[in-house]
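In this note's numbering, the protein residues as written are 17 to 259.
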């Protein structure tokens, strides 16, 4: 059985009050992998509190004249263990292309980070019945098979985030998410098909988390707004631990 992965994406928000409390739901748990994606400025203090931390994004180049950016190598050097690649907001606001995201994923793996590759369709693609084709195109841009040739251990997760559900309060149905996760798994290299975790992200809350996690190909959740409220996030983690 694949170990559940619950990721809290805090985006451009400060850590919520109580994040470092003794009973904080953001702390590591023996029953699931809990990863926090804070702003770059908060990485160090979360690490000092023994939380598992990831970067919200990073460039493939190890260094260079890229004002305002950080590299995958810098994230690794700062102590991050994970990194988000291709989040829908990065694709939208920073115009990150599939080719650039492929380079990010490769760079992350090469320097020992665990990338979470985000894929998903727009509302237009969803309404036209082209969701699976859109996600397939994004996945095919990533040289997944070549990662087995890298000197580092191949380690990657995938987050399916229907773009039309991000920050809108509208959600995919759990059955539809399961169908998409099955489709994604079928496209993965056979060597990693059963071991790769595919998590769902898209207006996940404490009220619907258990419904998504009940499906066999939903291996965790990428949580946005609800992860900034400790009590709600605690309920989401509890749902993962009960599976």
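Beta carbons: idealized from backbone N, C-alpha and C, even for Gly.
Start and end residues, alpha helix (DSSP H) containing residue 93: Note, residue 93: alpha helix (DSSP H), 88–94.
Strand pairing of residue 130, partner residues [DSSP]: Its beta-bridge partners are 98.
Closest Cα partner of residue 288 within the set 234, 98, 136 and 115: As shown, the chain starts at 17 and ends at 259. That puts residue 288 outside it, with no answer to give.
6 Å Cβ shell around residue 76 - same chain, five flanking residues per side excluded: The answer, listed in chain order, is 119, 120 and 123.
The stretch 185–204 / the stretch 141–155 touching (three or more Cβ pairs under 8 Å): A contact exists between the stretch 185–204 and the stretch 141–155.
For residue 69, the residue or residues it bridges with in DSSP: BP columns for residue 69 point to 52.
DSSP state of residue 59 mapped onto helix, strand, coil: It is helical.
Own chain residues within Cβ distance below 6 Å of residue 253, not counting five before or after: The beta carbon of residue 253 sits closer than 6 Å to the beta carbons of 22 and 41 from its chain, once the five residues preceding and following it are set aside; these are given in chain order.
Close beta carbons around residue 105, own chain, < 8 Å, minus the five adjacent residues each side: Cβ within range, chain order: 27 and 182.
Nearest candidate by alpha-carbon position, reference residue 174, set 144, 202 and 216: Between residue 174 and the set 144, 202 and 216, the nearest pair of CA atoms involves 216.
Rounded C-alpha distance that separates residue 71 from residue 96: In a straight line, the C-alpha of residue 71 is about 6 Å away from that of residue 96.
One or two residues paired with residue 75 in a DSSP bridge: For residue 75, which the question treats as bridged, DSSP gives the partners 87.
First through last residue of the alpha helix (DSSP H) which encompasses residue 255: Counting along the chain, the unbroken alpha helix (DSSP H) around residue 255 starts and ends at 246–258.
Option nearest residue 249 by Cα separation, candidates 18, 19 and 33: Distances from the CA of residue 249 to each of 18, 19 and 33 were compared; the closest alpha carbon is that of 33.
Segment contact, 8 Å Cβ cut-off, at least three pairs: the stretch 202–219 with the stretch 236–243: Per the Cβ contact rule, the stretch 202–219 is in contact with the stretch 236–243 (3 or more Cβ pairs under 8 Å).
Helix, strand or coil at residue 214 according to DSSP, with G and I counted as helix: The three-state reading of DSSP puts residue 214 in strand, counting E and B together.
Buried or exposed by the 16-neighbour rule on C-beta atoms within 10 Å, applied to residue 131: Label assigned to residue 131: buried.
Residues sharing a beta bridge with residue 239, DSSP: Under the DSSP definition of a beta bridge, residue 239 partners with 24.
Assumed close pair residue 102, residue 133 - CB separation to whole angstroms, cut-off 8 Å: Right, their Cβ atoms sit about 6 Å apart.
Cα-Cα separation between residue 245 and residue 117, rounded to whole angstroms: In this structure, the straight-line span from the alpha carbon of residue 245 to that of residue 117 is close to 30 Å.
Delimiting residues of the beta strand (DSSP E) encompassing residue 176: It spans 173–176 - the beta strand (DSSP E) in which residue 176 sits, taken as one unbroken run.
Minimum C-alpha distance to residue 139 - residue among 163, 187, 226 and 172: That would be 187, whose Cα lies nearest to the Cα of residue 139.
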